[in-house]
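*Asks:*
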Amino acid sequence: MPIGRKDKDEEGGGNPFSYIERTAVLQEARIFQQTPINPRKCCEILTKIIYLINQGEVISTTEATETFFAMTKLFQSSDVIMRRMCYLTIKEMSKMTENAFIVTQSLTKDMNGREDIFRAAAVRALCAITDSSTLQGIERYMKQAIVDKVPSVSSAALVSSFHLSKGAHDVVKRWINEVQESCSNDNIMVQYHALGLLYHLRKKDRLATSKMVAKFMKSGLKSPFAYCMLIRIASKLLEEEDSGHDSPAFDFIESCLRNKHELVIYEAASAIVNMPNCTARELAPAVSVLQGFISSPKPSMRYAGAKTLSKVAMKHPSAVTACNLDLENLITDVNRSIATLAITTLLKTGSESSVDRLMKQITSFMSEISDEFKVVVVRAISALCQKYPRKHAVMMNYLSSMLRDEGGFDYKKAIVECIIAILEESPESKESGLSHLCEFIEDCEHTVLATKIIHLLGREGPKTLNPSKYIRFIYNRVILEDEAVRAAAVSALARFGAQCEDLLPSILSLLHHSMMDEDDEVRDRATFYYHTLAQKQKVLNSAYILNGLTVSLSGLERCLQNYLKEVSEEPFNMKSVPLQAIATEETKTAIAPTVRKTKEKTPASRQEMYAEQLSRIPEFKVLGNLFKSSEALELTETETEYVVRCVKHTFDKHIVLQFDCTNTLNDQILENVTVQVEAGDGFEVIAYVPCLCLKYNQPGVTYACVAIPEEDPTEVTTTLSCVMKFVVKDCDPNTGEADDDGYEDEYPLEDVDITVADHVHKVIKPNFGAAWEEVGDENELEDTYALSTVNTLQDAVKNIVKYLGMQACDRSDNVPEGKSAHTLTLAGVYRGGHSVLARAKLVLKDGVTMQLTVRSSDDVAAQVITSAVG
1 MPIGRKDKDE EGGGNPFSYI ERTAVLQEAR IFQQTPINPR KCCEILTKII YLINQGEVIS
61 TTEATETFFA MTKLFQSSDV IMRRMCYLTI KEMSKMTENA FIVTQSLTKD MNGREDIFRA
121 AAVRALCAIT DSSTLQGIER YMKQAIVDKV PSVSSAALVS SFHLSKGAHD VVKRWINEVQ
181 ESCSNDNIMV QYHALGLLYH LRKKDRLATS KMVAKFMKSG LKSPFAYCML IRIASKLLEE
241 EDSGHDSPAF DFIESCLRNK HELVIYEAAS AIVNMPNCTA RELAPAVSVL QGFISSPKPS
301 MRYAGAKTLS KVAMKHPSAV TACNLDLENL ITDVNRSIAT LAITTLLKTG SESSVDRLMK
361 QITSFMSEIS DEFKVVVVRA ISALCQKYPR KHAVMMNYLS SMLRDEGGFD YKKAIVECII
421 AILEESPESK ESGLSHLCEF IEDCEHTVLA TKIIHLLGRE GPKTLNPSKY IRFIYNRVIL
481 EDEAVRAAAV SALARFGAQC EDLLPSILSL LHHSMMDEDD EVRDRATFYY HTLAQKQKVL
541 NSAYILNGLT VSLSGLERCL QNYLKEVSEE PFNMKSVPLQ AIATEETKTA IAPTVRKTKE
601 KTPASRQEMY AEQLSRIPEF KVLGNLFKSS EALELTETET EYVVRCVKHT FDKHIVLQFD
661 CTNTLNDQIL ENVTVQVEAG DGFEVIAYVP CLCLKYNQPG VTYACVAIPE EDPTEVTTTL
721 SCVMKFVVKD CDPNTGEADD DGYEDEYPLE DVDITVADHV HKVIKPNFGA AWEEVGDENE
781 LEDTYALSTV NTLQDAVKNI VKYLGMQACD RSDNVPEGKS AHTLTLAGVY RGGHSVLARA
841 KLVLKDGVTM QLTVRSSDDV AAQVITSAVG
């Protein structure tokens, strides 16, 4: 016998409303007008209407109005459940019709009736159908409801007033006396809602807010929720006023650490922890309270304490050290979230001597938590590796064992990145790290990780004592893996052949086999690398294998498209292509550590956006391709009436100065704004592009184009004096209407320095030695300098990299502590597309002495870089 639909629903717990239709339900709603009213049937129909609305069904205005008219009959029944369903339906349907006011009278009657169970819900429903035009009609009732003796009614009125204030702030502000009266209500929720509404009405007036906070700090509150809100308001005032930790507000927050409610105590501790510029001494009371939380029998308290201590450990690890014993007890907590927070906090605060013990505890702990928590732990281990370099060997062993355990992509990726970071930081760990990664790719099922590791082997393997041992692992990938991994393996083999002469015959043989691969990409790579290596020329190996293209791929595409649009007899010049931007540390940390599988378009780089922006200006179309854009320089203080920032855009023979201006005066409009530049040392201003109108708080841009001197191409540095000139027109701050007449005025700005770094673009050379040989010594210059302004090798390296604007290669910008001699290698491209390499040998003895050797494909570029330091 077939099972009926009802039986199926009962068996599988199905949705009883999955088959209903909008028209049928609205037809059923006619039952609302029957007499006597059937509450049970009406409740079922109201439930269906709410279900349809929440499923996204569109109910027309006519249908909604008819339903509203029918629902007015339901208010004749006193059935509690049906009445509450009516209120819910009114709130859901209120936006679907302009005639919702037809139930206003019924709701007002319930709001002022004797049945307390109806009144609060009636207030909420009434406010849902009320807008700013009809609000005055119920204003008297709302004032009464706010101070009602029934807590549920008062709370409903206060919360509804908060929502109404978004569209009718001035009307609700007239109820402030009633709201203040509710702030002294004995009910904890009424007091909480009243304080929240009072702050919302006063938050734009800083003085009124300060007085409100001072009043409640003095009189106290009964509601722990209101106390939490007051702490948040006081914290915000402290942050805005920057009044420091000697203010009464901070004393109040600190006094809340001794409150009898755990909720208030945690809120106060969290507020202190999140305050900027908080010292370890000021954090001590909060940390002490949080230490008590992590010993609490309540899981929620332990979690809150561990999470907040983990946040403290990021900035002030020493302040959390006293809690380490309690945190170690949490490692075995039954709640794995708490245990993860405890272990990651310990990794941030533990001493070097405790690393071994912590790592042993982690290994037994990792199998019991999810991948999401495992990734958090691995990142904490990575941070610990940077903190204690001498423990790299210990860390490497534990990470390799974790790599062999079960886990998903994100977990394995985090471990691989941690191992790579260790072997790059610690040369003595390189061999073991590469060996562990070789073992991992034998069974690696993630293509992204396999290609990443193979690329690393190709880069680091040839530099090891025994490069041949990595060939087997790489060639196994050519035989066993998919096409993406095979292609990466072929490229890695070519790197070995380019750097290890004794392995070249074997590499050529392996590449010859790959030339018959079934995949086009693999075949093409193998063929290209085979014939390049067969030439046995170091210059070719460097240019096409070891140090590839440094141009921006999107820039290359754009330049090729432009070249094809125009008929030109000259061949395409690769030197005209914009270079690839190198990510700074801030950019790297901003990138989420996840792999996006969607085929989203890569966002344009900052330089590409500038290039597009400048190409639209007629005066700059003839300047050619943008070579480099600098970071923004502040030319005024942030608190001044006009804020100006400058970005330097370098072209082949010109520098465009972009001035981003902001007018912070609401009673003035600036017109025809330009920044007049006084150039010297052969530089000449050839064009200005004014900003026609600069309104209050609306950014505007003006430009100045400066020609670089051609008579003496080595003169590339100067200082430019800048003055902002404009026409001022007074305006009405409220309407923004400006006067017809204005007057000319000017505003002095800071000078803009054109430095060597503005003419050099950073590029990455994975193999500096090969690039050095590739450029050759035709344009080599050498000189020795005494760096009198620095006293350490670290400062010398930092200043040289910053001033020359070149990229440090082979991690040579990391100077180990205690060294008296160091070699810094730098790579860049000089304006015009000329490669520049520099090798600076630094010696620390009665100051820092530097022997600088520069090689370039252009003699002028070599002269500029060599003479820059002197």
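In the UniProt record's numbering, the protein residues as written are 1 to 870. Heads up, the beta-carbon is just placed ideally off N, CA and C, and yes, glycines get one too.
1. From A383 to K348, what distance separates their C-alpha atoms?
2. Three-state secondary structure (DSSP) at E424?
3. Determine which residues share a DSSP beta bridge with F659 and list them.
4. Quick one: give me the first and last residue of the alpha helix (DSSP H) that P248 is part of.
5. Who does T718 pair with in a DSSP beta bridge?
6. Only counting the same chain, and skipping five residues up and downstream in sequence, which positions put a Cβ closer than 6 Å to that of E746?
7. Nearest-angstrom Cα distance between N259 and I265?
8. Using only alpha-carbon positions, find the residue among Y475, L346, Q561, K298 that is nearest to L325.
9. Return the first residue and the last residue of the beta strand (DSSP E) that E368 is part of.
10. Touch check for the region 218-229 and the region 186-197: three-plus C-beta pairs under 8 Å?
11. Within its chain, find whatever has a CB closer than 8 Å to the CB of Q794; leave out the 5 residues flanking it on each side and keep chain order.
12. Would you say C691 lies against chain C (beta-carbon separation less than 8 Å)?
13. Could you please give me the residues that DSSP links to K725 through a beta bridge?
14. When the Cα of K762 is compared with those of E641, V643, Y743, T550, which residue comes out closest?
15. Have a look at the DSSP bridge pairing and note the partners of D730.
16. In three-state terms, what does DSSP make of T866?
17. Count the other C-beta atoms from every protein chain shown that fall within 10 angstroms of the C-beta of K149, then say buried if there are 16 or more, exposed otherwise.
18. How would you write the range of the alpha helix (DSSP H) that K765 sits in, first residue to last?
19. Can you check which of these residues, D110, T640, S133, is closest to A122 by C-alpha distance?
20. Do V677 and V706 have their C-beta atoms closer together than 8 Å?
21. For K798 and K819, what's the separation of their Cα atoms in angstroms?
22. Looking at the structure shown, is residue 872 part of a helix, part of a strand, or coil, going by DSSP?
23. Can you tell me where the beta strand (DSSP E) holding H200 begins and where it ends?
24. For T209, which residues from the same chain have a beta carbon less than 8 Å from its beta carbon, with the 5 sequence-adjacent residues on both sides left out?
25. Rounded to the nearest angstrom, what separates T718 and K430 at their Cα positions?
26. Quick check on G828: buried or exposed, where buried means 16 or more other Cβ atoms within 10 Å of its Cβ?
27. If you draw a straight line from the C-alpha of E424 to the C-alpha of S812, how long is it?
28. Can you tell me which of V801, K391, F373 puts its alpha carbon nearest to the alpha carbon of E428?
29. Throw me the rounded Cβ distance for the A306 and A280 pair, which I believe falls under 8 Å.
30. Excluding five sequence neighbours on each side, which residues of the same chain lie with their C-beta closer than 6 Å to the C-beta of I708?
31. Taking the Cβ atom as the reference point for each residue, do P462 and C500 lie within a distance shorter than 8 Å?
32. State the Cα-Cα distance for the pair A421 and R206, rounded to the nearest angstrom.
33. Could you check the C-alpha separation between A543 and K575 for me, to the nearest Å?
34. Flag this pair as yes or no: are the beta carbons of T344 and V376 separated by less than 8 Å?
35. Does DSSP put R83 in a helix, a strand or coil?
36. Would you decide whether S18 is buried or exposed? Buried here means 16 or more other CB atoms lie within 10 Å of its CB.
*Replies:* To lay it out plainly:
1. 7 Å
2. helix
3. C646, T702
4. 248-255
5. I754
6. V723, K725
7. 6 Å
8. It is L346.
9. From DSSP, E368 is part of no beta strand (DSSP E); its letter is neither H nor E.
10. Inter-segment contact for the region 218-229 and the region 186-197 is present: three or more beta-carbon pairs are separated by less than 8 Å.
11. V815
12. No chain C appears in this structure, which consists of one protein chain only.
13. T674, E746
14. T550
15. Q668
16. helix
17. With fewer than 16 other Cβ atoms within 10 Å, it is exposed.
18. For K765, there is no enclosing alpha helix (DSSP H), as DSSP marks it with neither H nor E.
19. D110
20. yes
21. 15 Å
22. Given a span of 1 to 870 for the chain in the structure shown, any question on residue 872 remains unanswerable.
23. No beta strand (DSSP E) holds H200; the alpha helix (DSSP H) holding it covers 188-202.
24. For T209, same chain residues with a beta-carbon under 8 Å away, outside a window of 5 residues either side, are Y199, R202, K203, I233, L237 in chain order.
25. 46 Å
26. Residue environment for G828: buried (at least 16 other C-beta atoms within 10 angstroms of its C-beta).
27. 11 Å
28. K391
29. A306 to A280, Cβ: 19 Å. No contact.
30. K653
31. For the 8 Å CB-CB criterion, P462 and C500 form a contact.
32. 49 Å
33. 15 Å
34. yes
35. helix
36. exposed
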